[in-house]
Amino acid sequence: MITLGIIGVVAAMTLPALVGNYKKTQTISQLKKVYSTLSQSMLSSVYDNGDSSNWVDTSLEISAENSKQYFDKYWKPYLKIIKMCDTPKSCGYSSNRVKYLSGDEVIFIIDKTRTTGFLQDGTLLSFVTVDWGDAGAYYTSTQLVRADLNGPKPPNVIGKDIFVFQINLKTNSVKPACNSYSEEKVNEDCKAGGKGECCLQKIINDNWTIKDDYPWK
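Going by our numbering, the first residue of the sequence shown is number 55, and it counts up by one from there.
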């Protein structure tokens, strides 16, 4: 009985760590796959549609239809999207918002500035095709893609199961968001109380690992 009790205590102490390490390893593997998928899709689209610097007409009025037309032509066929999100509920989400690490909320699924759909492996990609200035939103050559690695399952928090990529149409490239930031600025964002949009860059800075200083819990 004493032996069994000791085994139980050891298991209770080690099991959470094992589960946590497995989730970290799984997250890294999924991120590498999404990164590769986005990069290869861009190369294929450039081959068919020409240099990506010509893909966006920045003078167009912001509308759901214009955002969808851009996505349907330049991305959807190459990403092999299996389901588009017309509403949050149509893709299993109870809300149109997810959270930053700070707990603040941000629109995620769909509006006139973004287009969202599922990859074959269940990852959900939300393409944000605009930027915001003093005069409001405008189409831009530097776009964001938010990837929810486990779809509508919790926690739906940027920096935990949602990670942000940046598309630069001027250079035909896909990189992590915050790729031009200093390491200090990246770490300032990717911490408890931050937004979490730089967390993919932090993981890459740390040689594709999730270290102890990462806001994982």
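The beta carbon of each residue, even a glycine, is placed where N, CA and C say it ideally should be.
Report the three-state DSSP secondary structure of residue i (helix, strand or coil).
i      : result
Asp202 : strand
Ala191 : strand
Phe125 : helix
Lys153 : strand
Ile82  : helix
Val218 : strand
Thr196 : strand
Leu69  : For Leu69, the predicted structure reports a pLDDT of 47, less than 50, and the residue's modelled location is therefore unreliable. A value from the coordinates is still provided. Helix at Leu69.
Val211 : strand
With residue i as the anchor, note down where its alpha helix (DSSP H) starts and where it stops.
i      : result
Pro131 : Lys130 to Leu133
Val240 : Glu237 to Asp243
Hey, could you find the ends of the beta strand (DSSP E) residue i is sitting in?
i      : result
Ser174 : Here residue 174 turns out to be Gln, not Ser, going by the sequence shown. Segment: none, Gln174 is in no beta strand (DSSP E) and carries neither H nor E.
Lys229 : Ser227 to Pro230
Ile161 : Glu159 to Ile161
Ile258 : It is not in any beta strand (DSSP E) - Ile258 instead sits in the alpha helix (DSSP H) that spans Cys253 to Asn259.
Can you tell me whether residue i is buried or exposed? The criterion is at least 16 other CB atoms within 10 Å of its CB, across all chains shown.
i      : result
Pro230 : buried
Trp262 : exposed
Lys271 : exposed
Lys239 : exposed
Leu69  : A caution first: Leu69 carries a pLDDT of 47, below 50, which makes its placement in the model unreliable, though a value can still be read off. With fewer than 16 other Cβ atoms within 10 Å, it is exposed.
Gly104 : exposed
Is it true that the CB of residue j sits closer than 8 Å to the CB of residue i?
i      : j      : result
Val228 : Leu254 : no
Val211 : Val152 : yes
Gln84  : Leu203 : yes
Asp243 : Cys252 : yes
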